[in-house]
Amino acid sequence: MSDDTVSRRGFLKAAGAATVVATSTAGCTDSGGGGDGGGDELVYSRGDHPQNYDPQQTTSGEVSKVTNQIFDTLIQFKPGTSGELTSGLADDWTLDGTTATLTLREDATFHSGADLTATDVKATIRRFIDDEYDYYLGSDRSGYASITFGDWVDSVEATGDYEVTIDLTQQYAPFLRNLAIFAAAILSRDQIESLGADAQPELGTDPVGTGPFEFDQLDNETQRVRLTAFDDYWGGAPSVSAVIFKTTGSNQTRAQGLINGDAHITDNLDAQSIQKVSSADSASVRQKNGINVGYMAFNHDRKPAFRDPLVKRAISMAINRDEIVDSIYQGFAASANQPLPPDVLGHNDDIDSYPYDPQQAESMLADAGVTDLSFELATFSNPRGYNPNPIQTATQVKSDLAEIGVDVEINRFSQFSAYLEYTYDGRHDACLSGWYTDNADPDNFMYVLLHPGTDIDDVPADQNYIAWEDKNNVSNVSAWVDTDYMEFVDKGQRTYDDAARQQYYHQASQIAHDQAPWVYLDYADLIRGVNEAVVAESYTPTSVGGPFLDRVELA
Numbered sequence: 001m002s003d004d005t006v007s008r009r010g011f012l013k014a015a016g017a018a019t020v021v022a023t024s025t026a027g028c029t030d031s032g033g034g035g036d037g038g039g040d041e042l043v044y045s046r047g048d049h050p051q052n053y054d055p056q057q058t059t060s061g062e063v064s065k066v067t068n069q070i071f072d073t074l075i076q077f078k079p080g081t082s083g084e085l086t087s088g089l090a091d092d093w094t095l096d097g098t099t100a101t102l103t104l105r106e107d108a109t110f111h112s113g114a115d116l117t118a119t120d121v122k123a124t125i126r127r128f129i130d131d132e133y134d135y136y137l138g139s140d141r142s143g144y145a146s147i148t149f150g151d152w153v154d155s156v157e158a159t160g161d162y163e164v165t166i167d168l169t170q171q172y173a174p175f176l177r178n179l180a181i182f183a184a185a186i187l188s189r190d191q192i193e194s195l196g197a198d199a200q201p202e203l204g205t206d207p208v209g210t211g212p213f214e215f216d217q218l219d220n221e222t223q224r225v226r227l228t229a230f231d232d233y234w235g236g237a238p239s240v241s242a243v244i245f246k247t248t249g250s251n252q253t254r255a256q257g258l259i260n261g262d263a264h265i266t267d268n269l270d271a272q273s274i275q276k277v278s279s280a281d282s283a284s285v286r287q288k289n290g291i292n293v294g295y296m297a298f299n300h301d302r303k304p305a306f307r308d309p310l311v312k313r314a315i316s317m318a319i320n321r322d323e324i325v326d327s328i329y330q331g332f333a334a335s336a337n338q339p340l341p342p343d344v345l346g347h348n349d350d351i352d353s354y355p356y357d358p359q360q361a362e363s364m365l366a367d368a369g370v371t372d373l374s375f376e377l378a379t380f381s382n383p384r385g386y387n388p389n390p391i392q393t394a395t396q397v398k399s400d401l402a403e404i405g406v407d408v409e410i411n412r413f414s415q416f417s418a419y420l421e422y423t424y425d426g427r428h429d430a431c432l433s434g435w436y437t438d439n440a441d442p443d444n445f446m447y448v449l450l451h452p453g454t455d456i457d458d459v460p461a462d463q464n465y466i467a468w469e470d471k472n473n474v475s476n477v478s479a480w481v482d483t484d485y486m487e488f489v490d491k492g493q494r495t496y497d498d499a500a501r502q503q504y505y506h507q508a509s510q511i512a513h514d515q516a517p518w519v520y521l522d523y524a525d526l527i528r529g530v531n532e533a534v535v536a537e538s539y540t541p542t543s544v545g546g547p548f549l550d551r552v553e554l555a
């Protein structure tokens, strides 16, 4: 493979080995006779209930669990792998320099009965990024607009009924992988244009896709979403007749429901509920290496004290991360020391973690002239894979920092959507956060989470923060800037050579460690609880994409 050309065959061959080495876990599935389902209806239990299922309006993994059943992407992640690519709505593609050409399959239909064509792809992309399109989503679009298409797509054309040509603004190594991200799902042009310009946000309450399941019911009062099997799915009809997503906030209650058969799959369990499921006869735990990172982000724009690396290193050394991993996460995670998890291209094995040393930390704060530091720590409440017990984690951070004279006020959000709105607006001093990989590419961490999304020339060389309103990456909740870091990450985006990319990300990771824009907390395993009604061979754990619920069978 040359430096500037990637073919479908070559890319598929390299995809698994180049980006991730470990097998992982993620999605789950079930079907069977749960208390909420019946017959061959699969019940998936989770900890949060979003109310909008438009993949272009959200960054939430809870939304993607549902939308991945309703919609398809042009390229998909292969079930059971750690990021290997396979055909989706496109069955052939090339990336040659700055031009991507995709050939669509001709047997895909929307749930409305309309055939998928290249005009649907064009309308989908334009709705997300083109402010000259009458049906542009505008301010309601999510930050994935820039990640998937917005910063990279110069033009998109339907060059045939089943051919799409996309011209990029630059060589962009993650582009094919980004086409498999849930936010790049292909929508129906008919639905987009039938809603009208002002009604685009309504698509998420009645989504129409080409996926294995059709949207049936959104019940916000009982916090349930019901999907039914789409028998004309191009990939073959699902094994179950319906999927019900139900929400149970309590980990213990969710685990007990799984054991009782009220659910077939559950996720985001904490250590106690994992032990509960493991000891049950009617359920089991599936555990795999995850591709995620949990962290505490410092808001450099809002809190000037955080602009001093010495202060942030001191805080990192005052937090007992091993205690968090061992006692709160009970060994289902490893301590983190850099933005990239171990299973991703560019993870730097030569970086050492900051040691837990409160005495040294207190001395470092004194050297920095900081003796009365206090800050607010925003946190979500619902369990997430990279932080299965956020309140307990926040409490540990508060307790540890009190030992060195730093006062932390915990700001707890009961709704994850409210937490995201608060932190994406930059109203926090610091926040507990985390990230599951979208595409198993290092850019998905290094650019999306720590690059401001602006040109290096627009950042003052002597400044290590950016004004909140000047950054473009909404998922960068630290507003940290380092021009050397930006240069390495930008180079990593522009080359198609994996060996060169690895070196760029090694150097960027070292900078991110040394400058400490985050307290690096953990790399968590992906945990799923599975009821015995699920046929074992039909459930495919995966760390990227999914869950692949159309493959699940019930006994």
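Okay, so the sequence shown: first residue is 1 according to full-length UniProt numbering, each after it adds one.
Idealized CB from N, CA, C, for every residue including glycine.
Check, Outcome
"Burial state of residue 56 (16 or more Cβ within 10 Å)", "buried"
"Own chain residues within Cβ distance below 7 Å of residue 472, not counting five before or after", "146, 452, 453, 454"
"Nearest-angstrom Cα separation, counted from residue 547 out to residue 68", "7 Å"
"For residue 121, the three-state DSSP class (helix, strand or coil)", "helix"
"Assigned exposure category for residue 209 - 16 Cβ within 10 Å defines buried", "buried"
"Coil, strand or helix - residue 434 by DSSP", "strand"
"Contact under 7 Å by Cβ, residue 175 with residue 544", "no"
"Beta-carbon proximity check, residue 475 vs residue 297, cutoff 7 Å", "no"
"In DSSP terms, what residue 234 is bridged to", "Answer by DSSP bridge pairing: none, since residue 234 is not bridged."
"Neighbour-count burial assignment, residue 512, 16 or more Cβ in a 10 Å radius", "buried"
"Straight-line Cα distance separating residue 58 from residue 197", "19 Å"
"Proximity of residue 111 and residue 41 at Cβ, strictly below 7 Å", "no"
"Local conformation of residue 254 per DSSP, three classes", "helix"
"Every unbroken beta strand (DSSP E) inside the stretch 245 to 293 [3 residues or more]", "265 to 267, 283 to 288"
"Backbone CA spacing between residue 113 and residue 194 [nearest angstrom]", "15 Å"
"Cβ pair residue 283, residue 277 closer than 7 Å", "yes"
"Distance between beta carbons of residue 90 and residue 75, contact taken as under 8 Å", "6 Å"
"Three-state class that DSSP yields for residue 105 in the structure shown", "coil"
"Span of the beta strand (DSSP E) around residue 334", "333 to 335"
"Residue 309 versus residue 444 - alpha carbon distance", "24 Å"
"Pair within 7 Å by beta-carbon distance, residue 144 and residue 183", "yes"
"Residues bridged to residue 534 [DSSP beta-bridge criterion]", "554"
"For residue 61 and residue 485, believed in contact at Cβ under 8 Å, the rounded distance", "Not a contact, Cβ separation roughly 26 Å."
"Pairwise C-alpha distance: residue 351 and residue 514", "10 Å"
"Proximity below 7 Å, CB of residue 166 to CB of residue 123", "no"
"Within 7 Å, strictly: CB atoms of residue 303 and residue 375", "yes"
"The stretch 341 to 356 contacting the stretch 320 to 333, beta-carbon criterion three pairs below 8 Å", "yes"
"Residue 43 versus residue 555: straight-line alpha-carbon distance, rounded", "14 Å"
"Residues that residue 375 bridges to, as DSSP identifies them", "408"
"DSSP three-state assignment for residue 35, whether helix, strand or coil", "Residue confidence for residue 35 is low, a pLDDT of 47 falling below 50, so the modelled location carries little weight and cannot support an answer."
"Start and end residues, alpha helix (DSSP H) containing residue 367", "358 to 367"
"Residue closest to residue 423, alpha-carbon to alpha-carbon, out of 135, 87, 479, 292", "479"
"Residue 385 versus residue 294: straight-line alpha-carbon distance, rounded", "9 Å"
"DSSP three-state assignment for residue 152, whether helix, strand or coil", "coil"
"Residue 412 classed as buried or exposed, judged by whether at least 16 other C-beta atoms fall within 10 angstroms", "exposed"
"Simplified DSSP state of residue 87, which is helix, strand or coil", "strand"
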